[in-house]
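Please read the structure below before turning to the comments.
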Amino acid sequence: NYTSVTDAITAAPTGRTTPWIIFIKNGTYLGHHDIPAGKPFIHLIGQSRDGVIISDSRLSGSDGLGTTVYHVSEGATMVVNATNCYFENITFENSKGFNNLTGPQALALYTIGDKFAMNNSYLRSYQDTYLTSYNSINTRHYIRKTRIDGAVDFIYGGADVFFDSDTLAINRASGGYIVAPSHGNGTAFGYVFSNTVITKDRVASVDVYLGRPWQNSPKTVFINTKLAANVNIYPQGWYYKMGAIPSVFADYGTVNSNGQPVDVSQRISNYEYDTKDVDGNVTGTVTGTAKSSLTDAEAADYTYENVILRSGDTWDPRMIAEAPDKPANLALVNNKLTWDAVLYARLYVITRDNVVVGFSLTNEFTDNSAVQGTNYAYKVQAASEYGALSLASDVVQVLPITGLTFNAKKVAQTAALTWSTITETNTSHFDVQRSVDGKTFKSIGRRAAAGESVTAKSYTFTDFSPLSGYNYYKVVAVDRDAKFTESEVQSLRFDLVTENISVYPNPTTNYQVDVALSLPNAGQIMLKLSALDGRTVQTELQEWPQGNSQKQFKINRQIAAGVYILHISGVGINEAVKLIVK
């Protein structure tokens, strides 16, 4: 309904007590953005995190070049003054910091209002990327599965903020600081980073401080953090001097890229800051200590439930961010899409070639703008009552050979493949192909085409012997002149290997596996190893006893590493197992 995010926010009603959902299509939206305090419960839902970019370039510090300096409440790309707001699938950037990789302060996001949550989003700048609320010690924020880029104090401010499985990307090689908190006395938990990954961006390696104390009584803990390759935390952990004495600066369970514990024996607990007169002259130095480590019991207290959930209200941002199931069994007939209804779905988003073409309150949609004979790929996503988006459905595609649609569906332990054409010209046949890795395909069947037709034709093929695990299917439409068109790949998963069969280790690194079978009778078992193109590369006939037993299958070391199919047959067993040889 609107061409800008700003216009959509302006049009949103005031005083809401339930979510007002604004869906943002892929695109770059420039300028300063603001959600006023009188507009709570605004939920901004992007089509995709990397496709929806809200960008500005204002500075909140002097660059020495005379560039206008804005207060943070006007300088951040997005300022959230309202309470109960939720963002999903959006990139917020301050292009000045992100592109130049230099200061001064260039904010991407400033969240002032209480009960703010963000999921699967991306904040990027260099200095002061994200400012959290510091107006009240009772304010809460929840940041989930979000990437935050920066180098200097790029997460700063106050509030109880639970960072849940986020990624922090450092874009400066050395000397940077992740956090610079300013928590008021009485703040319960401060910044809690749980299951965080710290990585690098556009630098070969990183040495970084976890943070430094900005103002008041800062609190920050990192629980179960993993460092990416070539990322190191300075042995001290934290920088000793800024503007306050922290209450707690600690990390617990930090590991390197190999999963090995990081040495925290040199983490500091002594801090200091200078006092100054009105002219900025240093008049003294204040020293103090901070809690620098956590016991197992203390670390166990820093949970989502303790930090975020409070008695007396019902705010549960994990529930808000919970996505519905992805729509299943998407089908297309004569421009009409249908799919299975999804429980708790508020509406559905329909994309054609990754462009949103409509919304539906029911589990069907007719694309009235489709052009016959044009190659289209459709997907459908379900949205919850809060706006959280499901994974996209499997693709249903219209191929350019006069409107061919292709679907794959599980029917019991078989794969039912269906496709139809609106018209056909010079079509020879359809080749049905299958793969276990989505890369190398083998033909498993063929259907003759009508060849010349101006009426709709339907075709079916059943794969009665799918492999255990993922099976990838596609249809290749072949013309009489040998030209061909391939459909998009569709996948189905089958769990066919029974508890009577076990092959391990898988993957194998030493060219041998153990095969464990439970047989109703003694007899011969054939083990046949095949390449993905169907070639038999090794066979072995073994005598097996009745009951539970185990034998070793040694793989020819002349066989190249890769993905193979191990066929196990005999004594009432006929199974195929994907086997990875490394």
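The working numbering numbers the first residue of the sequence shown as 12 and each following residue consecutively. Virtual Cβ for every residue (Gly too), placed ideally from N, Cα, C. Just so you know, these numbers come straight off a predicted model, no measurement behind them.
Have a look at V293 and S136 and give me their C-alpha separation to the nearest angstrom. In the sequence shown, counting from the first residue as 1, residue 293 sits at position 282. In the sequence shown, counting from the first residue as 1, residue 136 sits at position 125. When rounded, the distance between both Cα atoms is 32 Å.
Would you mind working out which of S479, V391 and A461 sits nearest K421, comparing C-alpha positions? As a first step, residue 421 is located in the sequence shown; it is residue number 410 there, counting from the start. Per the Cα distances, S479.
In the DSSP assignment, what are the bridge partners of W31? To locate residue 31, count along the sequence shown from 1; it is residue 20. DSSP lists I53 as partners of W31.
With burial defined as no fewer than 16 other Cβ atoms inside 10 Å of the residue's Cβ, what is the status of K598: buried or exposed? Since the first and last residues shown for the chain are 12 and 593, residue 598 lies out of range.
Which stretch, first to last residue, makes up the alpha helix (DSSP H) that contains R363? The residue labelled residue 363 in the question sits at position 352 within the sequence shown. First-last for R363: L358 to R363, but that is the beta strand (DSSP E), not the alpha helix (DSSP H).
Three-pair Cβ contact test at 8 Å for the stretch 359-368 versus the stretch 424-442: no
Per the DSSP calculation, A261 is bridged to which residue(s)? In the sequence shown, residue 261 corresponds to position 250, counting from 1. According to DSSP, A261 bridges with V232.
May I ask you to check if the CB of K36 is nearer than 6 Å to at least one heavy atom of the ligand SAH? No copy of the ligand SAH occurs in the structure displayed, which carries no ligand at all.
For I35 and T425, the rounded distance between their alpha carbons: Start at 1 with the first residue of the sequence shown, and residue 425 comes out as number 414. Start at 1 with the first residue of the sequence shown, and residue 35 comes out as number 24. Whole-angstrom Cα-Cα distance: 39 Å.
Determine, using beta carbons only, whether A393 and P338 come nearer to each other than 7 Å. Along the sequence shown, read from residue 1 onward, the residue named residue 393 stands at position 382. Along the sequence shown, read from residue 1 onward, the residue named residue 338 stands at position 327. In contact: A393 and P338 (Cβ atoms closer than 7 Å).
Output the distance between the C-alpha atoms of Q247 and V163, rounded to the nearest integer angstrom. Taking the first residue of the sequence shown as position 1, residue 247 is located at position 236. Taking the first residue of the sequence shown as position 1, residue 163 is located at position 152. If you take the alpha carbons of Q247 and V163, they lie about 17 Å apart.
For T78, the nearest candidate out of V217, A117 and N521 (CA to CA): Residue numbering aside, residue 78 sits at position 67 when the sequence shown is read from its first letter. When each option's Cα is compared against that of T78, the closest is A117.
Would you call the CB atoms of T451 and L305 closer than 7 Å? Sequence index remark: in the sequence shown, residue 451 carries index 440 (1-based). Sequence index remark: in the sequence shown, residue 305 carries index 294 (1-based). No. Outside cutoff.
Give the secondary structure of M253 by DSSP, where H, G and I count as helix, E and B as strand, and everything else as coil. Here residue 253 refers to the residue found at position 242 of the sequence shown. M253: coil per DSSP, three-state reduction.
Would you kindly report the start and end of the unbroken alpha helix (DSSP H) that includes A308? For this step, residue 308 is matched to residue 297 along the sequence shown. Per DSSP, A308 belongs to the alpha helix (DSSP H) from D307 to A311.
Under the DSSP definition of a beta bridge, which residues are partnered with Y141? Position 130 of the sequence shown, counted from the first residue, corresponds to residue 141. L120 and I166.
Secondary structure at V443, three-state DSSP: helix, strand or coil? Stepping through the sequence shown from its first residue, residue 443 is reached at position 432. The answer is strand: DSSP assigns V443 an E or B state.
Contacts around L70, its chain only, beta-carbon distance under 8 Å, and the 5 residues preceding and following it disregarded: Walking along the sequence shown from the start, residue 70 turns up at place 59. Closer than 8 Å at Cβ, skipping near neighbours: T78, T79, V80, Y81, G86, K107, P115, Q116 and A117.
Have a look at the DSSP bridge pairing and note the partners of M129. For the purposes of this step, residue 129 is taken as the residue at position 118 of the sequence shown. Beta-bridge pairing links M129 to F98 and I154.
Going by DSSP, which residues form a beta bridge with V208? The sequence position of residue 208 within the sequence shown is 197, counting from 1. For V208, which the question treats as bridged, DSSP gives the partners T178 and K237.
Between which two residues does the alpha helix (DSSP H) holding I433 run? What you label residue 433 is simply residue 422 of the sequence shown in a count that begins at 1. Where I433 is concerned, there is no enclosing alpha helix (DSSP H), given that its DSSP letter is neither H nor E.
Cβ separation of I256 and A301, assumed to be a contact under 8 Å, to the nearest whole Å: Counting from 1 along the sequence shown, the entry for residue 256 is found at position 245. Counting from 1 along the sequence shown, the entry for residue 301 is found at position 290. Confirmed, about 6 Å.
Any idea if F475 is buried or exposed, counting beta-carbon neighbours within 10 angstroms, 16 or more meaning buried? Taking the sequence shown and counting its residues from 1, one reaches residue 475 at position 464. Its Cβ having fewer than 16 others within 10 Å, F475 is exposed.
Is there contact here, the stretch 510-520 with the stretch 445-465, by at least three beta-carbon pairs under 8 Å? no
What is the residue span of the beta strand (DSSP E) that F475 lies within? By 1-based counting over the sequence shown, the position of residue 475 is 464. Looking at the DSSP string, F475 is not in any beta strand (DSSP E), and its letter there is neither H nor E.
Which whole-angstrom value is the C-beta distance of Y355 and S395, which I expect to be below 8 Å? To locate residue 355, count along the sequence shown from 1; it is residue 344. To locate residue 395, count along the sequence shown from 1; it is residue 384. The pair is a contact, with the Cβ atoms about 6 Å apart (cut-off 8 Å).
Relative to the C-alpha of N206, which candidate in S371, S176, S216 and G545 has its C-alpha closest? By one-based count along the sequence shown, residue 206 stands at place 195. Of the listed residues, the one whose Cα sits closest to N206 is S176.
With a threshold of 7 Å on Cβ separation, who are the neighbours of T517 within its own chain once the five nearest residues in sequence on each side are excluded? Along the sequence shown, one-based indexing puts residue 517 at 506. Note on identity: in this sequence residue 517 is Asn, with Thr being the wrong assignment. Answer for N517: V524, L590 and I591, listed in chain order.
Should Q549 and N521 be called a contact, given that it needs their Cβ atoms to be closer than 7 Å? Mapped onto the sequence shown, residue 549 falls at position 538. Mapped onto the sequence shown, residue 521 falls at position 510. Cβ distance not < 7 Å, so Q549 and N521 don't count as in contact.
Report the partner residues of Q501 according to the DSSP bridge assignment. As a working mapping, residue 501 is identified with position 490 in the sequence shown. Paired residue(s): Y484.
Distance, L341 Cα to G573 Cα: Looking up residue 573 in the sequence shown gives position 562. Looking up residue 341 in the sequence shown gives position 330. The alpha-carbon atoms of G573 and L341 are separated by roughly 33 Å.
From what residue to what residue does the beta strand (DSSP E) around S454 run? If you number the sequence shown from 1, residue 454 lands on position 443. Here the beta strand (DSSP E) through S454 covers K453 to A459.
Would you call M253 buried or exposed, if buried means 16 or more other Cβ atoms sit within 10 Å of its Cβ? For the purposes of this step, residue 253 is identified with residue 242 of the sequence shown, where counting begins at 1. M253 is buried by the Cβ-count criterion.
Do N182 and D218 count as a contact pair if the criterion is CB distance below 7 Å? What you label residue 218 is simply residue 207 of the sequence shown in a count that begins at 1. What you label residue 182 is simply residue 171 of the sequence shown in a count that begins at 1. No, the Cβ-Cβ distance between D218 and N182 is not below 7 Å.
Assign P531 to buried or exposed, taking buried as 16 or more other Cβ atoms, counted over all protein chains shown, within 10 Å of its Cβ. Against the sequence shown, residue 531 aligns to sequence position 520. Its Cβ having fewer than 16 others within 10 Å, P531 is exposed.
Going by beta-carbon coordinates alone, are Y188 and R223 separated by less than 7 Å? Taking the first residue of the sequence shown as 1, we reach residue 188 at position 177. Taking the first residue of the sequence shown as 1, we reach residue 223 at position 212. Contact flag set, yes.
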